[in-house]
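What follows is a short report on a single structure.
Chains as they are written, first to last, in the working numbering: chain U, 1 to 273; chain V, 1001 to 1273.
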């Protein structure tokens, strides 16, 4: 637990935030930024290297050279097409090991990537395991609570999100008055919320429901919300946001709750069926 | 079969097209336009009346007075919220008869509306039953056929669309290289295609798959495609469109096929599992 923490970094502020938390706790970190995904500005303050996703040989070599034993995969990654992957020699071997899982949707691919890292001798951990307080705790997180209409929409949204997750489509759904206004696929939650602003109808406001996929690998690709999610939900005229307790990352927890309180939105974390 | 055909008209060109086809076949028609939905310009050339969805008493009265025996429900209807429905006395009674189905998603609501019309003495028919050639026949409909990559995406899209339909979410899905780029909810297929233009990735182009919901009521709300769908698919960089044979309406069949041919898109109608 006290060796160098490796952070394989996709996009967004989360990798640097994790690096800061690890460093603050006295643990050495090494950030392996994924080229074209990682925010080079925010990881520049930490020991780091930048490699293409396909350059598996260089990635593994850099992690080993940095003395990494535990690894976290964190940040957004737009899944590369096989044509743009351009694997190096090691990457080609790994692709062969992954085999069909590389084509079997995000879940299968991530599970396979984690397995490869572990076979290569790294212990892969969830970001929420190495950063206390990162995962959302259960309960009403702000000042506002869902009313009966919102509770019904949460139930409907959680059901649809489970089905979507099982089909490896996405993690977020917007429901108003029992009607699914929008469903997230690769466009992301912000884009989903943006279009729902013009799809809502009169009457009781809708809800955003975000949950992990059934059988979700808890060490990668957990749903994440932040201040921007709250702002998008408010702009879409929603009543609030329901997330999955323990399986949703809230890297800006205080600011996110404060934003929900200020916007009059509820923010609730549930254990979904 | 020779009495007056009643057309309960939502939005779009389909109601007027159906009216024209019925008149051309020598059958008298009466168009009951739904206020705020029906295109009043295109139905003006036919005997018609215009009523709010909630005004069930007036709707039933107008249909009876016009001597309607067979009814078709056709055209797009944005589901009203209960607050904007403002039922008249008859409408309130019907709402009570429909009961929970009114809140149970589009499928339940439509089935209940059809049941009410039938209980009131009308025979409700599918548009494709009264207008020959309206439903898409099985097979490759244009000059282009899907390749192996597209076939794999069609299979994935048909599976996801079945799941979405079963959850009463939507009828259309865009898939590229096995990845679900976008899923239709209430925004409609045109909006789905518009956003997929910026979500596609390099390599083999994706497909639009549109299918009826499992157990779909064939007398209402069948998926529909037209020239605009082909234009949207072409603008989104897709390789083609797969629809459900017999259960998808193609009101502009020749023009739609011609547009697909001209754009280099395949257009195929399948019997999905």
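Each residue gets a CB set at the ideal place from its N, CA and C atoms; glycine is no exception. For clarity, every value in this text was computed on a predicted model and none was experimentally measured.
### residue 122(U) versus residue 38(U): straight-line alpha-carbon distance, rounded
21 Å
### Query
Going by beta carbon distance, what residues of the same chain come within less than 6 Å of residue 86(U), once the five residues before and after it are set aside?
54
### Cβ pair residue 127(U), residue 134(U) closer than 8 Å
yes
### Cutoff 8 Å: residue 1112(V) Cβ touching any chain A Cβ
Here the protein chains are U and V, and chain A is not one of them.
### Query
In chain order, which continuous runs of the alpha helix (DSSP H) of length 4 or greater are located wholly inside the stretch 96 to 147 of chain U?
105 to 119 and 127 to 130
### Query
How about residue 185(U): is its C-beta nearer than 8 Å to some C-beta of chain V?
yes
### Task
Starting from the Cα of residue 1249(V), find the closest Cα among 1235(V), 1223(V) and 1072(V) and give me that residue.
1223(V)
### Query
Going by alpha carbons, who is nearest to residue 1189(V) out of 1209(V), 1202(V) and 1253(V)?
1209(V)
#### Entry: Closer than 8 Å at the beta carbon, the chain V residues around residue 182(U)
1185, 1186 and 1187
### Query
Taking Cβ positions only, does residue 1167(V) come closer than 8 Å to chain U?
yes
#### Entry: Residue of 1266(V), 1022(V), 1096(V) and 1115(V) minimising C-alpha distance to residue 1149(V)
1266(V)
### Message
I'd like to know whether the C-beta of residue 199(U) is nearer than 8 Å to at least one C-beta of chain V.
### Response
yes
### Task
Identify the contact partners of residue 195(U) in chain V, using a Cβ-Cβ distance below 8 Å as the criterion.
1187, 1191 and 1195
### Message
Can you pull the chain U neighbours of residue 1160(V), defined as C-beta to C-beta under 8 Å?
### Response
167 and 169
### Task
With a floor of 3 residues, list each beta strand (DSSP E) that falls wholly inside the stretch 1014 to 1044 of chain V, ordered by position along the chain.
1029 to 1034
### Query
Under three-state DSSP, which class holds residue 10(U)?
coil
### Message
In the DSSP output, which residue or residues are listed as bridge partners for residue 1003(V)?
### Response
According to DSSP, which records beta bridges pairwise, residue 1003(V) is partnered with nothing at all.
### Task
Give the secondary structure of residue 1207(V) by DSSP, where H, G and I count as helix, E and B as strand, and everything else as coil.
strand
### Query
Rounded C-beta distance between residue 182(U) and residue 169(U)? I'm assuming under 8 Å.
Between residue 169(U) and residue 182(U) the Cβ distance is about 12 Å, and since that is not below 8 Å, they are no contact.
### Query
How would you list, in chain order, the residues of chain V whose beta-carbon sits under 8 Å from the beta-carbon of residue 154(U)?
Correct list: empty, because the minimum Cβ distance to chain V is about 15 Å.
#### Entry: Reduced DSSP secondary structure (H/G/I, E/B, other) of residue 151(U)
helix
### Query
What alpha helix (DSSP H) runs, 4 residues minimum, are completely inside the stretch 1166 to 1205 of chain V?
1189 to 1196
### Simplified DSSP state of residue 240(U), which is helix, strand or coil
strand
### Query
Out of curiosity, what's the CA-to-CA distance linking residue 1268(V) and residue 1140(V)?
4 Å
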